[in-house]
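Colleague: Be aware that the sequence shown starts at 1, since it is given in the numbering used here, and climbs by one per residue.
Glycine is no exception: its CB is placed at the ideal position from the N, C-alpha and C atoms.
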Amino acid sequence: MWPLKFISESDLTQHVKKTIAHYGAKLEPFDLKKFNKNIIDPIKLIFDKTVYNLSWEEVIKSEIFRQRDKANNNDIGYFHQHIFRYFSGCEVPANGTKGGWDVIWNAPQGVLLPDGSIVHKVYVELKNKHNTMNSAAAGKTYIKMQSQILANDDCACFLVEAIAKNSQNIKWKTTVDGTNVEHKCIRRVSIDRFYEMVTGQTDAFYQLCLILPSIIEKAVLNSEVSVPQDTVYAELSGHTNHKHGSFIMAMLLLGFSSYLGFAEKE
């Protein structure tokens, strides 16, 4: 029996498949050229290997994972944002439309704010993590929210954070042009609290997290996604055996091949 009342099994499965599809080229195997596309830092990798007592194969796998993980943040952002298109009353505008908001929640029944006031529309800026905005970006976002409230006094603006420091629904206190600002209708809301408001179910996000691993697993099994077979370690080992004489030199040459002293090692 499907445990979630706010989204159907077919809709969640479809959304998970779309999220996986966004991984796209990041699922392609890493060869040596792709591995060093942005030029790695060999000194860091030597430190990592020695300090953490890892093998070179483990270090290389870790670096590949880091590169993939960095690129995957936008894909997880897609998951967190676009799932709301399946929730009653929520709209996910196309990029650059309707003010550039990530989610717009129309709530005819009204949204009760902690101070007791009620609004009927919420504009959402959605962030994966609480610390992803610098002060300039935060100020710009806050000004955007202020402008929206001036244009419509029956709304609130939420900065919704998937990974917040705490479960919260608080006034967003920040600094704009050196001035401390806050407003009862401009709020920082952790994603569990936003799920609760939108769905009317206190543990909605918790229930989603419980069912998500099995949905992802089924989606991967029933898709064309395959585990990438990376060849970086094998290629570097080949260089070590036939050309450079040591794995460390092979690693150094990835980043420093044109540097003085290194070029003659080619």
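1) Taking DSSP's pairing of strands, which residues face residue 159 in a bridge?
2) With C-beta atoms as the reference, is residue 106 less than 8 angstroms away from residue 121?
3) Under 8 angstroms, do residue 5 and residue 201 count as touching if we go by C-beta distance?
4) How many angstroms separate the CA atom of residue 180 from the CA atom of residue 173?
5) Between the segment 38-53 and the segment 82-91, can you find at least three pairs of beta-carbon atoms closer than 8 angstroms?
6) According to DSSP, is residue 130 helix, strand or coil?
7) Out of 12, 63, 147 and 141, which has the shortest C-alpha to C-alpha gap to residue 30?
8) On the DSSP bridge list, what partners appear for residue 103?
9) Considering only residues of the segment 4-75, which uninterrupted beta strand (DSSP E) runs meet the minimum length of 3 residues and lie entirely inside it, listed in chain order?
10) What did DSSP end up calling residue 112 once you bin it into helix, strand or coil?
11) Among 16, 126 and 183, which has the Cα closest to the Cα of residue 162?
12) Across which residues does DSSP place residue 176 in a beta bridge pair?
13) Nearest-angstrom Cα distance between residue 9 and residue 214?
14) In this structure, how does DSSP classify residue 171 when only helix, strand and coil are distinguished?
15) Given residue 208, which residues of its chain have a CB within under 7 angstroms of its CB, disregarding the five upstream and five downstream residues?
16) Residue 99 and residue 148: beta carbons closer than 8 angstroms?
17) Does the beta-carbon distance from residue 40 to residue 254 come in below 8 angstroms?
Modeller: If we stick to the structure as given:
1) 125 and 188
2) yes
3) yes
4) 7 angstroms
5) no
6) coil
7) 63
8) 124
9) none
10) strand
11) 126
12) 179
13) 11 angstroms
14) strand
15) 4
16) yes
17) yes
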